[in-house]
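K.L.:
Have a look at the structure that comes next, please.
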Amino acid sequence: MDETGVRALLERVADDPAPPSRVDIAAARQRGRRRIRWYRAVLGAAPLAAAAAVALVVSGVIPASLGFGPGGHGLVLQPGKETPRSRFDPLVPYAAFGWLPVGFSTAAGATLDGPDEATTVSATLIAGDQATGRLITLTVSAAGACRVTGAQRDRVLEGADPLPTFGSVTYPHGLSCNDDMAQRSMTPLRAAAPDVRGASAFYLPGGGLAWEYAPGSWAQLTPSIRGTSGRDRLRQSYEMATGWVTGPSIGAFPATVQSAANRALLRKIAERVSYGATAHVVFPFQLAALPAGWAVSTVGYAPSAGRLLGTGGLSAGPAYYPWALGVTAMRAGSEGRCTNNPGGSHPARIHGAPGGFYTQSVTPDAFACDVDGMYLTVDLALHVPNTSRPVPGAASLGAPLTVARRLRLFGTNPAAWTARPVR
Amino acid sequence: MSRRDDEFTEYVTARMWWLRRLAYLLCQDWQHADDLVQAAIIRLYTHWGRAAAVEHTDAYVRTILVREYLGERRSGWARRVSLSADLPETAAITGDAEGVLDLRAALAGLPPRQRATLVLRFYCDLNVDQAARLLGCSPGTVKSQTAKGIGALRRTLQPPGQRPGDQTSGPGGMEVQHG
Numbered sequence: 001m002d003e004t005g006v007r008a009l010l011e012r013v014a015d016d017p018a019p020p021s022r023v024d025i026a027a028a029r030q031r032g033r034r035r036i037r038w039y040r041a042v043l044g045a046a047p048l049a050a051a052a053a054v055a056l057v058v059s060g061v062i063p064a065s066l067g068f069g070p071g072g073h074g075l076v077l078q079p080g081k082e083t084p085r086s087r088f089d090p091l092v093p094y095a096a097f098g099w100l101p102v103g104f105s106t107a108a109g110a111t112l113d114g115p116d117e118a119t120t121v122s123a124t125l126i127a128g129d130q131a132t133g134r135l136i137t138l139t140v141s142a143a144g145a146c147r148v149t150g151a152q153r154d155r156v157l158e159g160a161d162p163l164p165t166f167g168s169v170t171y172p173h174g175l176s177c178n179d180d181m182a183q184r185s186m187t188p189l190r191a192a193a194p195d196v197r198g199a200s201a202f203y204l205p206g207g208g209l210a211w212e213y214a215p216g217s218w219a220q221l222t223p224s225i226r227g228t229s230g231r232d233r234l235r236q237s238y239e240m241a242t243g244w245v246t247g248p249s250i251g252a253f254p255a256t257v258q259s260a261a262n263r264a265l266l267r268k269i270a271e272r273v274s275y276g277a278t279a280h281v282v283f284p285f286q287l288a289a290l291p292a293g294w295a296v297s298t299v300g301y302a303p304s305a306g307r308l309l310g311t312g313g314l315s316a317g318p319a320y321y322p323w324a325l326g327v328t329a330m331r332a333g334s335e336g337r338c339t340n341n342p343g344g345s346h347p348a349r350i351h352g353a354p355g356g357f358y359t360q361s362v363t364p365d366a367f368a369c370d371v372d373g374m375y376l377t378v379d380l381a382l383h384v385p386n387t388s389r390p391v392p393g394a395a396s397l398g399a400p401l402t403v404a405r406r407l408r409l410f411g412t413n414p415a416a417w418t419a420r421p422v423r
Numbered sequence: 424m425s426r427r428d429d430e431f432t433e434y435v436t437a438r439m440w441w442l443r444r445l446a447y448l449l450c451q452d453w454q455h456a457d458d459l460v461q462a463a464i465i466r467l468y469t470h471w472g473r474a475a476a477v478e479h480t481d482a483y484v485r486t487i488l489v490r491e492y493l494g495e496r497r498s499g500w501a502r503r504v505s506l507s508a509d510l511p512e513t514a515a516i517t518g519d520a521e522g523v524l525d526l527r528a529a530l531a532g533l534p535p536r537q538r539a540t541l542v543l544r545f546y547c548d549l550n551v552d553q554a555a556r557l558l559g560c561s562p563g564t565v566k567s568q569t570a571k572g573i574g575a576l577r578r579t580l581q582p583p584g585q586r587p588g589d590q591t592s593g594p595g596g597m598e599v600q601h602g
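Chains A and B are the protein sequences, given in the same order.
Per our numbering, the first sequence starts with residue 1, numbered consecutively.
Per our numbering, the second sequence starts with residue 424, numbered consecutively.
Right, here's the structure in full:
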């Protein structure tokens with residue numbers, strides 16, 4: 001067999017008669033919208049930070065070795081003195097900013113499950129400056145969720161995003177964490193930084209900072225710029241020049257690095273991060289019950305008037321698949337246009353209000369544009385995605401529409417919301 | 424629906440045939456292929472602004488699909504969950520009527536990355552550099568994966584008794600072209 005034979009083989013196999021498609025475009029739009037909402041609400045800064053790192057690698061401006069001495073696993077680390085915790089309670093955020101630069105305020109937060117373990121391993125907080133569009137993302141990982149690796153070659157290739165460019169820079173060390181919703185993330189450690197409250201710290205490509213706040217427990221601060229529009233990109237170019245984020249060399253313009261002043265700013269923020277659960281997230285809904293063995297795994301929230309509002313979505317499931325059930329409830333109209341019967345959905349009533357639900361999707365959704373002033377979505381995976389394996393206990397919940405109709409709702413006034421999203 | 428939704432729906436509807444077949448070639452199971460396409464178009468929707476703006480949207484979507492497939496194999500779920508029936512490493516040829524089944528089994532017997540390399544090179548007609556960029560590896564790795572893949576297919580599809588190592592086997596070492 002030669003190349004011609006392989007071509008013929010592939011053509012022949014591709015001509016296998018296909019069964020009717022189960023692909024649901026309407027459901028993909030719905031899931032995609034939800035994911036966009038999530039990223040906008042909670043994780044909006046991460047893609048930009050990644051993009052900045054990509055740009056650096058593409059331009060080849062990152063030197064192969066910076067300030068570590070011998071490569072390999074020879075790092076001697078001094079952890080911070082916080083008490084290590086192997087999981088966080090998603091309903092009670094674990095970390096908070098103790099100090100932010102003038103103009104910044106905490107915009108959103110989330111506590112996330114890792115992809116491999118049934119533990120809640122990462123707490124993320126985003127602070128932003130409305131006037132400048134500058135964002136700072138704090139990610140605090142539970143003990144054991146991150147580990148320092150040896151030389152890391154080309155972190156871009158580890159990303160799931162289909163960015164069409166990459167380079168071949170080797171970093172002396174990296175930080176491998178399972179704090180990402182999709183899969184394990186890899187962050188190269190660019191250079192040693194001054195200690196953060198006695199803990200070993202490192203500068204990151206793109207201008208971030210990582211430090212070991214407790215034994216085996218890592219935190220990261222990442223600066224970025226809000227948005228992805230043309231105007232935002234212009235803003236990002238400007239901020240590359242100011243040294244808020246790093247930038248590639250373009251034509252005659254040299255590459256930029258994060259300024260010393262901004263590095264000092266990040267270190268000051270890192271020094272004052274407070275650890276330990278304090279305030280509870282409150283929700284505008286309450287689930288009737290979860291199947292045995294299920295737990296809340298992921299929560300997105302936004303601070304408002306002294307409360308942490310759980311409007312960024314809640315996921316729950318068994319350890320086998322901790323995101324089997326997803327519920328979001330936010331103020332009606334806050335997500336823009338909503339129609340009760342988009343293509344592929346079926347009309348339904350949820351708590352007396354018109355809504356819709358999908359029937360063909362792998363993870364079907366139920367939604368209502370305005371239930372007692374709230375936009376509501378419920379999605380439920382009866383099977384683990386990409387497999388035919390049922391999610392244990394999911395069938396007992398019935399359908400997403402059933403879950404939606406059993407929700408207890410508390411209206412639009414956060415003062416009436418509950419800190420117990422599961423009865 | 425919004426303009427974004429309209430454009431997305433129009434594109435995906437038009438390219439569904441191609442997407443499903445590409446996914447099927449990668450994973451060798453229609454149900455799994457549909458799940459892969461579903462996951463890929465969700466991701467596509469979130470990146471639609473960028474995808475619609477690039478010169479070759481098909482190439483962008485193909486990258487999403489292949490990386491979804493390879494990422495799934497790398498992820499914890501692939502380790503913990505049996506994604507699809509693993510077909511045997513080799514398949515015997517017993518007659519023309521079973522030819523397609525044998526071809527499919529031979530393809531399924533390849534490691535995922537090797538199979539993806541062959542699909543990209545010889546079904547999607549990417550050159551070595553393009554495939555290397557998509558797979559996130561060096562051109563040399565693409566060449567070696569291609570050679571290994573073709574060699575494995577050749578061995579698998581060779582009639583019993585003619586495979587290398589068989590007592591009655593003929594001369595092996597067929598030339599493999601790189602390009």
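Quick reminder that beta carbons are idealized off the backbone N, C-alpha and C, glycines included.
Please classify Y492 (chain B): does DSSP put it in a helix, a strand, or coil?
P.N.:
helix
K.L.:
How would you label G80 (chain A), buried or exposed, when you count the other beta carbons within 10 angstroms and need 16 or more for buried?
P.N.:
buried
K.L.:
Using 8 Å for Cβ pairs, my map puts G293 (chain A) next to G313 (chain A). What's the rounded Cβ distance?
P.N.:
G293 (chain A) to G313 (chain A), Cβ: 21 Å. No contact.
K.L.:
Starting from the beta carbon of L10 (chain A), find every residue of chain B whose beta carbon is closer than 8 Å, and list them in chain order.
P.N.:
L448, L530, L541, V542, F545 and Y546
K.L.:
So which residues on chain A does R527 (chain B) lean against when the C-beta distance must stay under 8 Å?
P.N.:
V13 and D16
K.L.:
Along the chain, where does the beta strand (DSSP E) containing H173 (chain A) start, and where does it finish?
P.N.:
H173 to C177
K.L.:
List the endpoints of the continuous alpha helix (DSSP H) containing R426 (chain B).
P.N.:
R426 to C450
K.L.:
Output yes if chain B places a C-beta closer than 8 Å to the C-beta of D365 (chain A); else output no.
P.N.:
no
K.L.:
Just by C-beta distance, which residues in the segment 559-579 of chain B are closer than 7 Å to chain A?
P.N.:
G559, I573, L576 and R577
K.L.:
Rounded to the nearest angstrom, what separates R7 (chain A) and N550 (chain B) at their Cα positions?
P.N.:
14 Å
K.L.:
Are the C-beta atoms of V327 (chain A) and some chain B residue less than 8 Å apart?
P.N.:
no
K.L.:
Answer yes or no: do I225 (chain A) and G133 (chain A) have a C-beta to C-beta separation smaller than 8 Å?
P.N.:
yes
K.L.:
Would you kindly report the start and end of the unbroken alpha helix (DSSP H) that includes T564 (chain B)?
P.N.:
Its alpha helix (DSSP H) spans residues P562 to L580.
K.L.:
Check the Cβ of V435 (chain B) against every Cβ in chain A and list those closer than 7 Å, keeping chain order.
P.N.:
I25
K.L.:
What distance in whole Å lies between the Cβ atoms of A446 (chain B) and L488 (chain B), which are believed to be in contact at a cut-off of 8 Å?
P.N.:
Contact holds; Cβ gap of about 6 Å.
K.L.:
Which residues in the same chain have their Cβ closer than 7 Å to the Cβ of L510 (chain B), if we skip the five residues on either side of it in sequence?
P.N.:
Summary for L510 (chain B): the model assigns pLDDT 23, below 50, so the residue's position carries little reliability, and this model does not support an answer.
K.L.:
Counting only beta-carbon atoms, is V140 (chain A) nearer than 8 Å to chain B?
P.N.:
Not an interface residue.
K.L.:
DSSP three-state label for D379 (chain A), please.
P.N.:
strand
K.L.:
In chain B, what lies closer than 9 Å to V196 (chain A) by C-beta?
P.N.:
Going along chain B, no residue has its Cβ under 9 Å from V196 (chain A), so there is no contact; the nearest lies around 30 Å.
K.L.:
Just checking: is the beta-carbon of Q537 (chain B) within a distance shorter than 8 Å of some beta-carbon in chain A?
P.N.:
So no, Q537 (chain B) is outside the interface.
K.L.:
List the residues of chain B that A28 (chain A) touches, going by C-beta distances under 7 Å, in chain order.
P.N.:
Going along chain B in sequence order, the residues near A28 (chain A) (Cβ under 7 Å) are Q461, I464, I465 and Y468.
K.L.:
Please decide whether V245 (chain A) counts as near chain B, where near means a Cβ-Cβ distance under 8 Å.
P.N.:
Residue-level contact check: V245 (chain A) does not touch chain B, since none of the beta carbons of chain B fall below 8 Å from its beta carbon.
K.L.:
Nearest-angstrom Cα distance between E3 (chain A) and A288 (chain A)?
P.N.:
Each residue's Cα considered, the two are about 59 Å apart.
K.L.:
Would you verify that the beta carbon of D481 (chain B) is, or is not, closer than 8 Å to some beta carbon of chain A?
P.N.:
no
K.L.:
State yes or no: is the beta carbon of D457 (chain B) nearer than 8 Å to at least one beta carbon in chain A?
P.N.:
yes
K.L.:
Relative to the C-alpha of P84 (chain A), which residue among A:F97, A:P215 and A:A279 is closest?
P.N.:
A:P215
K.L.:
Measure the C-alpha to C-alpha separation of H479 (chain B) and F431 (chain B) and round it to an integer number of angstroms.
P.N.:
15 Å
K.L.:
Below 8 Å CB to CB, which residues in the same chain sit around G572 (chain B) once its five sequence neighbours on both sides are set aside?
P.N.:
L533, Q537, R538, T540 and L541
K.L.:
Just the chain B side, please: which residues come within less than 7 Å of S21 (chain A) by C-beta, in chain order?
P.N.:
M439, R443 and D457
K.L.:
May I ask you to list the residues that DSSP assigns as paired with R147 (chain A)?
P.N.:
In the DSSP assignment, R147 (chain A) is bridged to A:S176.
K.L.:
Is the Cβ-Cβ distance between V245 (chain A) and G198 (chain A) less than 8 Å?
P.N.:
no
K.L.:
Kindly indicate the opening and closing residues of the beta strand (DSSP E) around E212 (chain A).
P.N.:
L209 to A214
K.L.:
Taking just the CA atoms, how far does T124 (chain A) sit from L309 (chain A)?
P.N.:
15 Å
K.L.:
Starting from the Cα of Q30 (chain A), find the closest Cα among B:G559, B:R427, B:V565 and B:L459 and give me that residue.
P.N.:
When only C-alpha atoms are compared, the closest one is B:R427.
K.L.:
Nearest to A381 (chain A) by alpha carbon, out of A:A395, A:G373 and A:Y375?
P.N.:
Nearest of A:A395, A:G373 and A:Y375 to A381 (chain A), Cα basis: A:A395.
K.L.:
May I have the straight-line CA-CA distance separating A64 (chain A) from T139 (chain A), to the nearest angstrom?
P.N.:
Because A64 (chain A) sits at a pLDDT of 28, beneath the cut-off of 50, its placement in the model cannot be relied upon, and the following sentence gives the value as read from the coordinates. Going by the C-alpha atoms only, they are around 26 Å apart.
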